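Residue numbers (my numbering): 324 to 1304.
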């Protein structure tokens, strides 16, 4: 993906058109990495727009640092390497997403827009986080390149690392001052040698306009076509010079309020109750599929008011007021799910929220002052607070996990008690989704802040000008994760075991007869509306689970760049850098979470610290230039030495070439060694022990044991080999046309993966991983405990091809005096491989598995834009093809082969593709001079396309829809006003 978008302000388009021809012959390149980008902009305030030739060779008018320039030799700083050289282009594919395209989205958060681009797969958002439960990721907007995970995508803010929002390393894009973002740079390739660890899949750098002068703001609101998802956004930013222009101040603030989309959605697809479940009629020889993919499903062994799940009274359910009725089973009835019958009464997906409520505030301030002509000091502070709330799912206890109700329980209806007596039953097992306890909610309050102090500038030495940058950063994240109305398993068991007090006939907990001070109050699980939600029984079983988490990151960094000598083809550039980082996590959780006592949301405590020190060298060497047989050949190389406090030392490197045989064609290639360091969660997860049952291959029997899950202090960094090769074509005989294609391949060795007890036992037993035998404990040959931890075990490989094409032309070139400019821009990624060999299950390629967070076979976007002052209108299509529910599955309805773990059989194994249309309209209002405003209307999913059917992801949320790929909101409108004074 090599997309280019830029902000083009009203009144500046004429300069863009007149400079396009000159710009097509100039390669403007500059960079940032782990440090703020260097002050290399040769700016002129006289002219409004700088023509830019990006990594694809596409020309765009770009507003530079709040000022502007028409100098075609001016360097525009973009992220690709530390070294800035006129005439050099990055060997690594680079995308630049400008403010104009960011503004065309109907989202109130720019991360949600960035995630829709083809190179991004599996990014986290507020919708996907709903399923996290105790994981604590709700409310985080994270970004994932190539489907390799957000922890393998390095996120930078103006070239700086940002403080993680979660111990797994997720960066919350909400911390970035979105009102000041002028563009987003995306390096779609390994870049650890330049940027440090975690840049395995690439780098996303959010660039703000540090020189902005004036006042700008936005007031906007959004709503879906169903009348929900209502939200509004108010943002304001300003920039001012002081001290006769030697100093500059930036301030910005933003408030976003989103009402979310709750479980009472009007969307028809949310009532399909789609599910994948085991076929109860399947045998290895009858030719039926092992798994059924069906709509109109519900629970077999649970209902809102409870249902008897076994024995002669199986199917006796309890409705409003506790009135018994016979549950009608469907035509297909399994152990957990059924199709048809009373599925609407027993399903829970209709309670699922599509989007949480969200309240977000942010503030940012920056002050810079020129101590001398070539030395600037600066300080900046960023603060963000995000609060989310949503319902997750009812507290379901199904089948054997449901309560066992004694015949002595006074809440049993008389008619049911009579049947129990007649059949000699002393108890009944109830499966329930606990309607009277309501849907379990989750609330997250996450506050992030970052403070920086630094200096940057230039000096002359060794006959060359050198640029330097030194800074210190301190970042903090404080997250309070709460499930306010959780259920305590222990208290629930006591409360539902109700009896009559023989002394006075009152209904009490059985336990209070022997322990009258235990605080227990009885609770009725047989019926709907039979308990007072605020009554003593509900209060006794309801508990709050929480995690109070604090994350810290300290960064100290310095860099220097220069051109100390020249080669025959031009000056040789070098960049030297050093950095030291400290990351730590500390949290406290409630007692119930430590004991895994909650129905949902058992949070984990964590305590740990890591440190890393690294140094890097990068160089750009022009091999030749201006030869009769070729225009130029440039070499780019980098090496980085990294020392982790726990994970040891690693060397990463990068080798790149850019070859220009003729002006119209540029060929680029890169080979790199990249790394990902173990994150705090993988390293320091606390030991949590629960009782479990597992099959023990050593004794050929199932046994109950203590399962302990913990972090691993001995993890090593993941190591990746990253290769890309591509070409940029910009034919001089078709002005304004650019096209690029890049083949990329990422192979990760010793990828960190989690091994569960069953896998630990099997891999030890068959000798595949003898090192895991140390995690198994036995007493007299009997299994007593297994410890599960993450290890360097798996192999991952991703491969694909990125394409981009763009074309811009004035309409009068074709239609005589037709006004305005028409442009087309499209980019796509073909995913060729997403191979995973966990060494536990059979290796598989997950490309095209649309039911989860994996890449589709291809993904593309295309935008057509028409500009004629003062109007701008655009239409964008976002598309991907159909895929599978499970790539290794065999689809069949009869005459099926025997289903195996490696090749299971499914009754249906297809999920359709989608093409979503988005529209954007804007009208510029001149306010005099450089002042102006813009009225805008953006519409996402113009045709209101529903998610693909069937929706069959494994969780009960969002009716099984994969919100990372499919649009779950429906048609969404956003309108508002922006101004720049």
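Every residue gets a Cβ at the ideal spot worked out from N, C-alpha and C, and that includes glycine. All values derive from a computational prediction rather than experimental measurement.
Quick one, which of 496, 474 and 730 has its alpha-carbon nearest residue 480's?
Against the chain shown, residue 480 aligns to sequence position 157. Residue 496 is the option with its Cα nearest to residue 480.
How would you label residue 972, buried or exposed, when you count the other beta carbons within 10 angstroms and need 16 or more for buried?
In the chain shown, the residue the question calls residue 972 occupies position 649. Result: exposed.
In this structure, what does DSSP give as the bridge partners for residue 832?
Reading the chain shown from its first residue, position 509 is the one you call residue 832. Residue 832 pairs with 821.
Supposed close pair residue 810, residue 760 - CB separation, criterion 8 Å
The residue you call residue 810 lines up with position 487 of the chain shown. The residue you call residue 760 lines up with position 437 of the chain shown. Their Cβ separation, rounded to whole angstroms, is 6 Å, which keeps residue 810 and residue 760 in contact under 8 Å.
According to DSSP, is residue 773 helix, strand or coil?
For this step, residue 773 is matched to residue 450 along the chain shown. Note: residue 773 maps to strand in three-state DSSP.
Return the CA-CA distance between residue 660 and residue 1223, expressed in angstroms with no decimal places.
Within the chain shown, residue 660 is the residue found at index 337, counting from 1. Within the chain shown, residue 1223 is the residue found at index 900, counting from 1. So the alpha carbons of these two residues sit roughly 21 Å apart.
What does the alpha-carbon distance come out to for the pair residue 1053 and residue 1061?
By 1-based counting over the chain shown, the position of residue 1053 is 730. By 1-based counting over the chain shown, the position of residue 1061 is 738. Going by the C-alpha atoms only, they are around 5 Å apart.
Given residue 1072 as reference, the closest of 1096, 1083, 1193 and 1044 once Cα atoms are compared
As a first step, residue 1072 is located in the chain shown; it is residue number 749 there, counting from the start. It is 1044.
Since residue 744 is in the alpha helix (DSSP H), which residue starts that stretch and which ends it?
Taking the first residue of the chain shown as position 1, residue 744 is located at position 421. From DSSP, the alpha helix (DSSP H) with residue 744 extends over 737-746.
Using alpha carbons as the reference points, say which of 1150, 465, 1067 and 848 lies closest to residue 1199.
The residue you call residue 1199 lines up with position 876 of the chain shown. Minimum Cα distance to residue 1199 is reached at 1150.
Option in 754, 962 and 948 with minimal Cα separation from residue 983:
As a position in the chain shown, residue 983 is number 660, starting the count at 1. Selection 754, 962 and 948 evaluated against residue 983 yields 948 as nearest (Cα-Cα).
For the putative contact between residue 1078 and residue 1114, defined by C-beta atoms under 8 Å, what is the C-beta separation to the nearest angstrom?
By one-based count along the chain shown, residue 1078 stands at place 755. By one-based count along the chain shown, residue 1114 stands at place 791. Their Cβ separation, rounded to whole angstroms, is 6 Å, which keeps residue 1078 and residue 1114 in contact under 8 Å.
From 425, 1104 and 851, residue whose alpha carbon lies closest to that of residue 641
As a working note, residue 641 is residue 318 in the chain shown. The shortest C-alpha separation from residue 641 is found at 851.
Close beta carbons around residue 904, own chain, < 6 Å, minus the five adjacent residues each side:
Within the chain shown, numbered from 1, the residue matching residue 904 stands at position 581. Same-chain partners within the cutoff: 878 and 935.
Let me make sure I understand the geometry here. Which of 442, 439, 485 and 433 has the alpha-carbon closest to that of residue 906?
Looking up residue 906 in the chain shown gives position 583. If we check each option's Cα against that of residue 906, 485 comes out closest.
I'd like to know if the stretch 1101-1109 and the stretch 1013-1022 are in contact, where contact means that at least 3 CB-CB pairs between them fall below 8 Å.
The answer is yes - the stretch 1013-1022 touches the stretch 1101-1109, with three or more Cβ pairs under 8 Å.
Contiguous alpha helix (DSSP H) assignments of at least 4 residues, all confined to the stretch 777-826
As summarised for the stretch 777-826, the continuous alpha helix (DSSP H) elements at least 4 residues long and confined to that stretch are 812-819, given in chain order.
Would residue 492 and residue 1002 be called neighbours here (beta carbons separated by less than 8 Å)?
Counting from 1 along the chain shown, the entry for residue 492 is found at position 169. Counting from 1 along the chain shown, the entry for residue 1002 is found at position 679. Against a cut-off of 8 Å, the Cβ pair of residue 1002 and residue 492 comes out as a contact.
Run through the stretch 1039-1110 for me and flag every whole alpha helix (DSSP H) of 4 or more residues, listed as ranges in chain order.
Residue ranges of uninterrupted alpha helix (DSSP H) with 4 or more members, entirely inside the stretch 1039-1110 and ordered along the chain, are 1080-1088.
With DSSP run on the structure shown, which of helix, strand or coil describes residue 581?
In the chain shown, residue 581 corresponds to position 258, counting from 1. Here residue 581 sits in strand by DSSP.
Give the DSSP bridge partners of residue 556, in chain order.
Indexing the chain shown from 1 puts residue 556 at position 233. 543 and 579, per the DSSP bridge assignment.
Taking only the alpha-carbon atoms, compute the straight-line gap between residue 954 and residue 1055 and give it to the nearest angstrom.
Here the question's residue 954 lines up with position 631 in the chain shown. Here the question's residue 1055 lines up with position 732 in the chain shown. When only Cα atoms are considered, residue 954 and residue 1055 end up about 15 Å apart.
Go through the stretch 1139-1205 residue by residue and report every complete run of the beta strand (DSSP E) that reaches 3 residues or more, in order.
Correct list: 1144-1160, 1181-1191 and 1194-1203.
Between residue 445 and residue 1175, what straight-line distance do the alpha-carbon atoms span, to the nearest angstrom?
In the chain shown, counting from the first residue as 1, residue 445 sits at position 122. In the chain shown, counting from the first residue as 1, residue 1175 sits at position 852. Across the structure, residue 445 and residue 1175 are spaced so that their CA atoms are roughly 8 Å apart.
Using CA atoms only, rank isn't needed, just tell me which of 494, 1267 and 437 is closest to residue 771.
For the purposes of this step, residue 771 is taken as the residue at position 448 of the chain shown. Here the closest residue by C-alpha is 494.
Proximity winner among 596, 602 and 1191, relative to residue 1246 (alpha-carbon distances)
Position 923 of the chain shown, counting from 1, holds the residue named residue 1246. Checking every option, the nearest Cα to that of residue 1246 belongs to 1191.
Smallest Cα separation from residue 762: which of 601, 1117, 922 and 548?
Indexing the chain shown from 1 puts residue 762 at position 439. In terms of CA proximity to residue 762, 922 leads the group 601, 1117, 922 and 548.
Relative to the C-alpha of residue 676, which residue among 1300, 435 and 1284 is closest?
Looking up residue 676 in the chain shown gives position 353. Closest by alpha carbon: 1284.
Quick one: Cα of residue 667 to Cα of residue 595, how far?
As a first step, residue 667 must be located in the chain shown, where it is residue number 344. As a first step, residue 595 must be located in the chain shown, where it is residue number 272. Straight through space, the alpha carbons of residue 595 and residue 667 are spaced by roughly 10 Å.
If you follow the alpha helix (DSSP H) that residue 591 is part of, which residue opens it and which one closes it?
Residue mapping note: residue 591 aligns to position 268 of the chain shown, counting from 1. That residue, residue 591, is in no alpha helix (DSSP H); it is neither H nor E in DSSP.
For residue 1067, does the count of other Cβ atoms within 10 angstroms reach 16, so buried, or fall short, so exposed?
One-based indexing of the chain shown puts residue 1067 at position 744. Looking at its Cβ environment, which holds 16 or more other Cβ atoms inside 10 Å, residue 1067 is buried.
Is the beta carbon of residue 1013 less than 8 Å from the beta carbon of residue 928?
For the purposes of this step, residue 1013 is taken as residue 690 along the chain shown, with counting starting at 1. For the purposes of this step, residue 928 is taken as residue 605 along the chain shown, with counting starting at 1. By the CB criterion at 8 Å, residue 1013 and residue 928 fall outside the cutoff.
Secondary structure, beta strand (DSSP E): runs of 3+ residues fully inside the stretch 948-1002:
For the stretch 948-1002, whole beta strand (DSSP E) runs of length 3 or above, ordered along the chain, are 953-967, 971-985 and 988-999.
List the DSSP bridge partners of residue 867.
If you number the chain shown from 1, residue 867 lands on position 544. Partner(s): none; residue 867 has no beta bridge.
Taking 8 Å as the cut-off, does the stretch 562-581 touch the stretch 682-702 (at least 3 CB pairs, one atom from each stretch)?
In short, these stretches touch, since the Cβ pair count reaches three.
Secondary structure at residue 713, three-state DSSP: helix, strand or coil?
Along the chain shown, one-based indexing puts residue 713 at 390. Note: residue 713 maps to strand in three-state DSSP.
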